[in-house]
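Worksheet: the structure to be examined is printed underneath.
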Amino acid sequence: NAGVMQNPRHLVRRRGQEARLRCSPMKGHSHVYWYRQLPEEGLKFMVYLQKENIIDESGMPKERFSAEFPKEGPSILRIQQVVRGDSAAYFCASSPTVNTGELFFGEGSRLTVL
Amino acid sequence: SQQGEEDPQALSIQEGENATMNCSYKTSINNLQWYRQNSGRGLVHLILIRSNEREKHSGRLRVTLDTSKKSSSLLITASRAADTASYFCATDEGGANNLFFGTGTRLTVIP
Numbered sequence: 008n009a010g011v012m013q014n015p016r017h018l019v020r021r022r023g024q025e026a027r028l029r030c031s032p033m034k035g036h037s038h039v040y041w042y043r044q045l046p047e048e049g050l051k052f053m054v055y056l057q058k059e060n061i062i063d064e065s066g067m068p069k070e071r072f073s074a075e076f077p078k079e080g081p082s083i084l085r086i087q088q089v090v091r092g093d094s095a096a097y098f099c100a101s102s103p104t105v106n107t108g109e110l111f112f113g114e115g116s117r118l119t120v121l
Numbered sequence: 028s029q030q031g032e033e034d035p036q037a038l039s040i041q042e043g044e045n046a047t048m049n050c051s052y053k054t055s056i057n058n059l060q061w062y063r064q065n066s067g068r069g070l071v072h073l074i075l076i077r078s079n080e081r082e083k084h085s086g087r088l089r090v091t092l093d094t095s096k097k098s099s100s101l102l103i104t105a106s107r108a109a110d111t112a113s114y115f116c117a118t119d120e121g122g123a124n125n126l127f128f129g130t131g132t133r134l135t136v137i138p
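Protein chains in written order, with my numbering: chain A, 8 to 121; chain B, 28 to 138.
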């Protein structure tokens, strides 16, 4: 049973470009969470999705950021018109149930904005 | 923002010694979890303790929870160099649908 798969692992973008980060949850998991981690800091919650629904996006910046989890395919975190402050590691996690038990994390996507 | 706070921020010990990390949080919780993160990697779940539990063990890990003080501790006994990592506590404060992570303790175990 493959774990949570994130790609790309590393992404370099110039200011103003778009970044798309993908996450395939563990098999049988329908709950996906995205977190952002700045260097030497903890994880900051961004968004929680179930299939085809955004459940909680309270941690998502209001502009330039969007997330989706379609019926088929991976969850996508999209950052438009990236700025240097978007440089961070973005982690996806999945869980099989809605209760906040154990989360299974991917290895992260490290975005560098030049 | 809702977030736990770990202390110390960094801890350096000799192999074989015990390591203790503490976590404080702000509001009511259903459970508290500890995760480990090796440098450049994702987080790995270590242990979950429910709000009605006071202590839990898993191998060389011992976790305590004091809901009256809104604090938890993680003890790693007989540490090994391979235990070198960052350790984070996480809570579902206020019945949130997600986990809020602390700032982490960076543990270095010197061989």
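Positions of the beta carbon are idealized from the N, C-alpha and C atoms, including for glycine.
Note that the C-beta distance between Ser-113(B) and Gly-86(B) is not below 7 Å. Rounded to whole angstroms, Ile-74(B) and Glu-70(A) show a C-alpha spacing of 36 Å. Interface residue (Cβ-Cβ distance to chain A less than 7 Å): Gly-129(B) is classified as such. A check of alpha carbon separations from Tyr-97(A) across Ile-83(A), Gly-10(A), Pro-103(A), Gly-108(A) identifies Ile-83(A) as the nearest. In the structure shown, Ala-46(B) falls within a strand segment according to DSSP collapsed to helix, strand and coil.
For the region 97-127 of chain B, the full-length beta strand (DSSP E) segments reaching 3 residues or more read 98-103, 112-118 along the chain. Neighbours of Asp-63(A) in chain B, taken as residues at a C-beta separation under 7 Å, are given in chain order as Asn-124, Asn-125. Taking every protein chain shown into account, the CB of Pro-32(A) has 16 or more other CB atoms within 10 angstroms, so this residue is buried.
Listed along the chain, the chain B residues whose CB falls inside 8 Å of the CB of Glu-109(A) are Gln-60, His-72, Leu-75. The beta-carbon distance between Ser-106(B) and Asn-45(B), rounded to whole angstroms, is 7 Å. This is short enough to meet the 8 Å contact definition. Between Gln-57(A) and Ser-37(A), the beta carbon gap of about 6 Å places them in contact (Cβ cut-off 8 Å).
For Glu-75(A), the enclosing beta strand (DSSP E) has its first and last residue at 72-75. Residues of chain B with a Cβ closer than 7 Å to the Cβ of Glu-75(A) do not exist; the shortest Cβ-Cβ separation is about 17 Å. The continuous beta strand (DSSP E) containing Tyr-55(A) extends over residues 50-57.
The C-beta distance from Leu-59(B) to Leu-92(B) rounds to 6 Å, short enough to fall under 8 Å. Check the Cα spacing between Val-39(A) and each of Val-120(A), Cys-99(A), Leu-121(A): the tightest is with Cys-99(A). Residue contact check for Tyr-97(A) against chain B: no CB pair falls below 7 Å. Under the three-state reduction of DSSP, Arg-91(A) is assigned to helix. In this structure, Asn-57(B) places its C-beta atom within 7 Å of the C-beta atom of Ser-78(B). Residues of chain A with a Cβ closer than 7 Å to the Cβ of Arg-68(B) are, in chain order, Glu-114.
For His-17(A), the uninterrupted beta strand (DSSP E) run begins and ends at 17-20, by DSSP.
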